[in-house]
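Asker:
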RNA sequence: GGAGAGGUGGCAGAGUGGUCGAAUGUGCCCGACUCGAAAUCGGGUGUGCCGCAAGGUACCGGGGGUUCGAAUCCCUCCCUCUCCGCCA
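In the numbering used here, the protein residues as written are 10 to 431.
1. For the structure I just gave you, are there three or more beta carbon pairs, one from the stretch 179–189 and one from the stretch 398–405, closer than 8 Å?
2. I'd like the list of long-range same chain contacts for residue 4, defined as Cβ closer than 7 Å, with 5 residues on each side in sequence excluded.
3. Go through the stretch 187–250 residue by residue and report every complete run of the alpha helix (DSSP H) that reaches 4 residues or more, in order.
4. Report the option in 424, 365 and 417 whose CA atom is closest to the CA atom of residue 115.
5. Have a look at residue 142 and residue 282 and give me their C-alpha separation to the nearest angstrom.
6. Looking at C-alpha atoms only, which residue of 224, 305, 285 and 371 is the closest neighbour of residue 258?
7. Are there 16 or more other CB atoms within 10 angstroms of the CB of residue 428, so buried, or fewer, so exposed?
8. CA-CA distance, residue 411 and residue 183?
9. Tell me which residue opens and which closes the alpha helix (DSSP H) that residue 21 is part of.
10. Would you tell me roughly how many angstroms separate the C-alpha atoms of residue 64 and residue 108, rounded to the nearest one?
11. From the DSSP output, read off the bridge partner residues of residue 390.
12. Where does the unbroken alpha helix (DSSP H) through residue 41 begin, and where does it stop?
13. Quick one, which of 23, 167, 50 and 289 has its alpha-carbon nearest residue 264's?
14. Secondary structure at residue 162, three-state DSSP: helix, strand or coil?
15. Is the stretch 299–316 touching the stretch 232–248 in the sense that three or more CB pairs, one from each, lie closer than 8 Å?
16. With DSSP run on the structure shown, which of helix, strand or coil describes residue 343?
17. Can you tell me the Cβ-Cβ gap for residue 317 and residue 344, rounded? I've got them flagged as a contact below 8 Å.
18. Restricting to Cα atoms, I'd like to know which of 347, 357, 385 and 160 is closest to residue 140.
19. Pick from 126, 80 and 69: whose alpha carbon is nearest that of residue 356?
20. Using CA atoms only, rank isn't needed, just tell me which of 29, 90, 78 and 44 is closest to residue 56.
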């Protein structure tokens, strides 16, 4: 959530900024409910103070005394009133909180205006983008593709979007995970292995709830969500914590499977590895001092970019426009690789600064010498999503002999020069 | 899954209906003593919300209830520990 004091004092500016985003929210209603809530709290607390004062007197009286007994009778009415006012204040507060929770984060000034993905800005490109790859094929059209990535068996066992990766392909997946994790460690991110189911409170803190309720798999028995990204459990590690300021920035990385129902988006771009219900991803997460978060976003993005450069995959960097940016995001960059077989861009990373939006929801704070605790800024980025990176490798590095050349940086974990039919 | 015990401030640990945001110890900070330190002594030491402020209010695992009044009694949920069962 955004800063309440700022919200109160800058309603018009907030309205203006948020109107740049695509999310509908009732700012006036929230503001109205805030005022209502404050009045209600004030009234309830005044009544309660009166009650407490009399109770203090009563505690000094002897229980059987006339004075005591008459006070009990007198206080019954006040007690009833206090209860009523407190219930009203509680309800007013809940109504406000609910409305306030639907207000998205304010986009940063550097975020360009735009209506949708067509208005995203290409910030930079690297490598042979949209260039000539003479032997490239869409990865799903490579003759031996289904020998190594078995979709029909996945359909039988689980459903569409849950393929098996077989033999060398499985090893290549593992090599990518190891490469990404080791690179992250080298860049100063501490590795964590996290839960892949989370409770509603965690999903709310990072902003998946209530915004993306229908996109997550849910276990009704345990009331747990399968994570759509490691961002959720990893960020929530510090929920309700105060991080000593000298520890900032905290940098962590995690490999997890990710689960997305992709409700509504099934039907387009679904072939092969482009969009799966379950996929592997290494995620980078940072908790930073508010003054440093945008600089940290740039370095986070560069950390992710360096992986693509080492893999030799051409890519472009998109600065996501206001109309396409996510709900809790302040600023967002996407990295898209050029998949030469499909002749299209594939998003393999999204690097974002959430400023204090998640930190307020999650109550993650830092404390500076002699100061009150303040919310940190949280950031995260994929580094990287594995199936689409794999798709890029298969398509771009396909040779005339039908085999795929494996990038050198993976040889430490995948000690073969080529992958293909055995 | 079953039976029992328990969840109090950074930590330890009292408190079983009233003056309790909460004894005491410990840790931490400031000061005194000291050349300096240790020891000792004195003082301080949570967070949120409402309020311009003074101040008020809330928080003893979460939620609900009883009562004029709840850390304390009742209900419920969660978690931890011990024993049993099951099991990677």
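C-beta: ideal position from N, C-alpha, C; glycine also.
Since we're looking at a predicted model, the values are computed, not measured.
Answerer: According to the structure data:
1. Contact holds between the stretch 179–189 and the stretch 398–405, because three or more Cβ pairs, one in each stretch, are under 8 Å apart.
2. Residue 4 is absent from the model: the chain starts at 10 and stops at 431.
3. 209–215 and 240–245
4. Translated into the one-based positions of the first chain, residue 115 becomes position 106. When each option's Cα is compared against that of residue 115, the closest is 365.
5. In the first chain, residue 142 corresponds to position 133, counting from 1. In the first chain, residue 282 corresponds to position 273, counting from 1. Cα-Cα distance, rounded: 20 Å.
6. The residue labelled residue 258 in the question sits at position 249 within the first chain. Minimum Cα distance to residue 258 is reached at 305.
7. For the purposes of this step, residue 428 is taken as residue 419 along the first chain, with counting starting at 1. Buried, since its Cβ has 16 or more Cβ neighbours within 10 Å.
8. As a working note, residue 411 is residue 402 in the first chain. As a working note, residue 183 is residue 174 in the first chain. Near 22 Å, if we compare the C-alpha coordinates of residue 183 and residue 411.
9. By one-based count along the first chain, residue 21 stands at place 12. Per DSSP, residue 21 belongs to the alpha helix (DSSP H) from 20–27.
10. Residue numbering aside, residue 64 sits at position 55 when the first chain is read from its first letter. Residue numbering aside, residue 108 sits at position 99 when the first chain is read from its first letter. For residue 64 and residue 108, the distance between alpha carbons rounds to 37 Å.
11. Counting from one through the first chain, the residue named residue 390 turns up at place 381. Paired residues: 293 and 360.
12. For the purposes of this step, residue 41 is taken as residue 32 along the first chain, with counting starting at 1. Residues 36–69.
13. Here residue 264 corresponds to residue number 255 of the first chain, with the count starting at 1. The shortest C-alpha separation from residue 264 is found at 289.
14. Position 153 of the first chain holds residue 162. Here residue 162 sits in helix by DSSP.
15. Contact fails between the stretch 232–248 and the stretch 299–316, because fewer than three Cβ pairs, one in each stretch, are under 8 Å apart.
16. Taking the first chain and counting its residues from 1, the one referred to as residue 343 is at position 334. Residue 343 falls in the strand class under three-state DSSP.
17. Counted from its first residue, the first chain places residue 317 at position 308. Counted from its first residue, the first chain places residue 344 at position 335. So it is a contact: roughly 7 Å between Cβ atoms.
18. Within the first chain, residue 140 is the residue found at index 131, counting from 1. The shortest Cα separation from residue 140 among 347, 357, 385 and 160 belongs to 347.
19. In the first chain, residue 356 corresponds to position 347, counting from 1. The shortest C-alpha separation from residue 356 is found at 126.
20. Start at 1 with the first residue of the first chain, and residue 56 comes out as number 47. It is 90.
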